[in-house]
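Visitor: Residue numbers (the numbering used here), protein chains in the order written: chain L, 209 to 307; chain B, 71 to 531. Would you mind keeping the following structure in view while I ask a few things?
This is the structure we're talking about:
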């Protein structure tokens with residue numbers, strides 16, 4: 209159980225990259241941005257799958273793993289879909305005529 | 071042997087997934103490329119999931135598939151049926167789900183393997199953030215949905231109690247880091263973190279929600295990143311760090327837009343101290359006008375700047391506002407929208423509502439881009455916004471909002487404010503704008519009143 213410093217390097221670089229990327233996002237899109245990052249943070253589904261899919265795991269692990277996969281799936285599905293739904297609404301010119 | 075090649079393939083899918091998330095955020099920067107960003111983000115997620123399913127540790131697919139199916143069955147309607155006015159609530163509840171998933175994974179990992187050393191350090195951070203973000207987000211959801219009182223709730227010694235509970239949680243966590251086998255302490259640790267999450271949100275009022283939601287967004291990301299440390303998975307670290315910095319930047323932007331510090335937002339309990347300072351009412355004079363009069367003024371102006379606020383969302387007035395926009399534009403009036411960064415209950419909330427009503431986004435302007443144009447505008451039409459238009463923020467040092475950047479509505483030739491009554495707004499601060507000679511108060515529900523103006527405009531044609 210040694211400590212792998214390269215993980216900290218990865219974190220540091222990703223955090224700085226995140227700052228640079230997000231700074232460039234137009235305030236117009238801050239709400240969709242938040243629901244997108246929400247969907248991306250559902251990447252925890254990876255840990256949840258490992259837990260729920262383990263062979264002969266104790267009951268507690270199974271239940272917690274199942275709940276975690278469920279919660280993360282809800283987030284990633286609804287997160288991506290609602291972000292797309294919002295972005296579809298942003299139009300540069302009003303469409304001709306009503307509706 | 072086969073499994074080691076497989077291992078490399080899986081690592082490779084993780085690398086591509088991480089790259090996809092980075093591209094996804096990069097393309098999110100402007101409306102033209104944003105939808106492409108979603109597609110690449112979805113592909114990245116798909117790759118990550120498929121890669122994980124291929125891992126040799128994953129043997130039992132039944133539970134996973136049931137959870138995928140159930141999760142999609144809940145997630146799809148959640149995304150399509152959610153009204154745009156309720157997006158802040160949705161965001162809060164999904165932070166709760168995300169944090170719960172992370173906390174549960176950490177908990178299961180703890181009881182199953184009782185990690186030592188660095189992995190345990192990461193696990194403690196992961197579960198601390200996960201548990202406190204879970205309850206804090208549930209509380210935020212409750213306040214936004216108005217299940218819980220939206221006004222800040224404060225009591226004596228609140229900050230001391232909150233900080234001691236946080237300190238106790240951290241100390242228990244530290245102890246667990248060095249003595250992971252003390253399993254009886256884990257529930258205590260989890261309980262403290264959960265309690266702190268609740269208490270953290272109790273003193274937060276609706277006006278501070280944009281900052282708090284952004285902060286919880288950041289925590290949810292950081293928790294996922296910590297999980298990456300615990301599981302030794304670099305893709306998780308990257309995805310979590312991206313989200314963590316995103317939420318952090320958004321909350322900094324929100325704080326700046328209110329001229330307040332983080333500590334002030336979290337521990338300042340905004341909006342319950344002012345009653346003594348502000349109200350003490352000598353009755354001041356204001357002018358009010360009818361929908362017909364308002365329509366006449368709007369019709370004869372050249373340039374109108376609309377300032378929408380949370381009240382617009384509450385009244386669901388965005389579609390009526392679109393009709394007004396259409397009618398005025400048809401008559402050659404230049405109509406633009408000025409969006410304050412903290413308008414609404416989450417960052418960018420107003421933009422989404424107006425976009426939903428089909429108002430073109432090149433008519434939506436950020437505060438800094440439009441503030442100098444108010445002086446040339448004939449009318450500033452304020453709908454459901456209050457504190458962000460209060461000139462006291464510029465000069466009244468005793469005002470709780472002193473120093474907050476505001477929209478210069480008072481510089482327009484005429485200012486019209488649609489409002490239910492003269493009652494002070496959310497923060498309980500009286501707005502000087504309402505008593506200016508150039509200001510006309512339009513009393514009524516935002517949606518109904520805009521509707522009446524539209525009707526009056528239609529009749530005068």
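Ideal placement from N, C-alpha and C gives every residue a C-beta, glycine not left out.
For residue 488 of chain B, does the three-state DSSP call read helix, strand or coil?
Guide: Of the three classes helix, strand and coil, the one that applies to residue 488 of chain B here is strand, per DSSP.
Visitor: Taking the beta carbon of residue 381 of chain B as the centre, do at least 16 other beta carbons fall within 10 Å, making it buried, or is it exposed?
Guide: Buried.
Visitor: Take residue 273 of chain B and list the residues in its own chain whose beta-carbon comes closer than 7 Å to its own, dropping the five residues that flank it on each side.
Guide: 222, 223, 224, 228, 339.
Visitor: Taking contact to mean 3 or more Cβ pairs, one atom from each stretch, closer than 8 Å, check whether the region 133-153 of chain B and the region 269-286 of chain L are in contact.
Guide: The region 133-153 of chain B vs the region 269-286 of chain L: in contact.
Visitor: Distance check for residue 524 of chain B and residue 231 of chain L, CA to CA, integer angstroms please.
Guide: Distance between the alpha carbons of residue 231 of chain L and residue 524 of chain B is about 39 Å.
Visitor: Starting from residue 279 of chain B, trace the alpha helix (DSSP H) both ways and give me its first and last residue.
Guide: Note, residue 279 of chain B: alpha helix (DSSP H), 279-301.
Visitor: Label residue 120 of chain B either buried or exposed according to how many other C-beta atoms from any shown protein chain fall within 10 Å of its C-beta, with 16 as the threshold for buried.
Guide: Flag for residue 120 of chain B reads exposed.
Visitor: Apply the 10 Å Cβ neighbour rule to residue 388 of chain B and answer buried if 16 or more other Cβ atoms are within range, or exposed otherwise.
Guide: Classification for residue 388 of chain B: buried.
Visitor: When you compare only the Cα positions, how much space is there between residue 128 of chain B and residue 105 of chain B?
Guide: Their backbone Cα atoms lie some 33 Å apart in a straight line.
Visitor: Let me know the secondary structure DSSP gives residue 509 of chain B once reduced to three states.
Guide: Strand at residue 509 of chain B.
Visitor: How many angstroms separate the CA atom of residue 267 of chain B from the CA atom of residue 297 of chain B?
Guide: Those two C-alpha atoms are separated by around 19 Å.
Visitor: Could you tell me the alpha carbon to alpha carbon distance between residue 370 of chain B and residue 449 of chain B, rounded to whole angstroms?
Guide: Approximately 10 Å, taken between the alpha carbons.
Visitor: For residue 349 of chain B, does the three-state DSSP call read helix, strand or coil?
Guide: The predicted model places residue 349 of chain B with a pLDDT of 47, which falls under 50 and marks its position as unreliable; any figure quoted below should be read in that light. Of the three classes helix, strand and coil, the one that applies to residue 349 of chain B here is coil, per DSSP.
Visitor: Using the three-state DSSP reduction, which class does residue 427 of chain B fall into: helix, strand or coil?
Guide: In the structure shown, residue 427 of chain B sits in coil (DSSP, three-state: anything other than H, G, I, E or B).
Visitor: Who are the neighbours of residue 430 of chain B on chain L, taking C-beta pairs under 8 Å?
Guide: Within chain L, the residues near residue 430 of chain B are 299, 300, 301, 302.
Visitor: Could you work out which residues of chain L lie near residue 157 of chain B, taking near to mean beta carbons separated by less than 7 Å?
Guide: 239, listed in chain order.
Visitor: Taking the Cβ atom as the reference point for each residue, do residue 223 of chain L and residue 172 of chain B lie within a distance shorter than 9 Å?
Guide: Their beta carbons are not under 9 Å apart, which means residue 223 of chain L does not touch residue 172 of chain B by this criterion.
Visitor: Along chain B, which residues have their Cβ under 9 Å away from the Cβ of residue 267 of chain L?
Guide: Residues of chain B passing the Cβ test: none, with the nearest at roughly 11 Å.
Visitor: Going by the beta-carbon positions, is the gap between residue 217 of chain B and residue 265 of chain B smaller than 9 Å?
Guide: It is not a contact, given that the beta carbons lie outside the stated cut-off.
Visitor: What do you reckon, are the CB atoms on residue 358 of chain B and residue 510 of chain B nearer than 9 Å?
Guide: Cβ distance < 9 Å, so residue 358 of chain B and residue 510 of chain B count as in contact.
Visitor: What do you get for residue 226 of chain B, buried or exposed, if any count of 16 or more other CB atoms within 10 angstroms of its CB means buried?
Guide: Exposed, since its Cβ has fewer than 16 Cβ neighbours within 10 Å.
Visitor: Based on DSSP bridge pairs, tell me the residues matched to residue 407 of chain B.
Guide: DSSP output for residue 407 of chain B lists B:376, B:434 as bridge partner(s).
Visitor: How about residue 144 of chain B: is its C-beta nearer than 9 Å to some C-beta of chain L?
Guide: Taking Cβ atoms only, chain L reaches closer than 9 Å to residue 144 of chain B, which makes this a yes.
Visitor: For the candidate residues B:200, B:421, B:485, B:193, whose alpha-carbon lies nearest to that of residue 101 of chain B?
Guide: Of the candidates B:200, B:421, B:485, B:193, the one whose C-alpha sits nearest the C-alpha of residue 101 of chain B is B:421.
Visitor: State yes or no: is the beta carbon of residue 115 of chain B nearer than 9 Å to at least one beta carbon in chain L?
Guide: Answer yes: the Cβ-Cβ gap between residue 115 of chain B and chain L drops below 9 Å somewhere.
Visitor: Give the DSSP-derived three-state secondary structure of residue 306 of chain B in the structure shown.
Guide: Here residue 306 of chain B sits in helix by DSSP.
Visitor: Just how far apart, CA to CA, sit residue 279 of chain L and residue 363 of chain B?
Guide: Distance between the alpha carbons of residue 279 of chain L and residue 363 of chain B: 53 Å.
Visitor: Can you grab the Cα-Cα spacing for the pair residue 436 of chain B / residue 253 of chain L, in whole Å?
Guide: The straight-line gap from Cα to Cα measures roughly 36 Å.
Visitor: Looking only at C-alpha atoms, which of B:400, B:164, B:503 sits nearest to residue 460 of chain B?
Guide: Nearest option by C-alpha distance: B:503.
Visitor: Quick one: grab the DSSP three-state call for residue 499 of chain B.
Guide: Reduced to three states, the DSSP call for residue 499 of chain B is coil.
Visitor: Given a threshold of 16 other Cβ atoms within 10 Å of its Cβ, counted over all protein chains shown, does residue 306 of chain B qualify as buried or as exposed?
Guide: Buried, since its Cβ has 16 or more Cβ neighbours within 10 Å.
Visitor: Run down chain L in chain order and give the residues with a C-beta less than 8 Å from the C-beta of residue 65 of chain B.
Guide: It is not possible to answer for residue 65 of chain B, since the shown part of chain B is limited to 71 through 531.
Visitor: Going along chain L in order, which residues have a C-beta closer than 8 Å to the C-beta of residue 410 of chain B?
Guide: Result: empty, since nearest Cβ-Cβ is about 10 Å, beyond 8 Å.
Visitor: Is residue 367 of chain B close to chain L? Criterion is C-beta to C-beta, closer than 9 Å.
Guide: With 9 Å as the cut-off, residue 367 of chain B does not count as an interface residue toward chain L.
Visitor: Kindly list the residues whose CB is nearer than 8 Å to the CB of residue 399 of chain B, restricted to its own chain and excluding five residues on each side of it in sequence; keep chain order.
Guide: Same-chain partners within the cutoff: 405.
Visitor: Let me know if residue 248 of chain B comes out buried or exposed under the rule of 16 or more other beta-carbons within 10 Å of its beta-carbon.
Guide: Label assigned to residue 248 of chain B: exposed.
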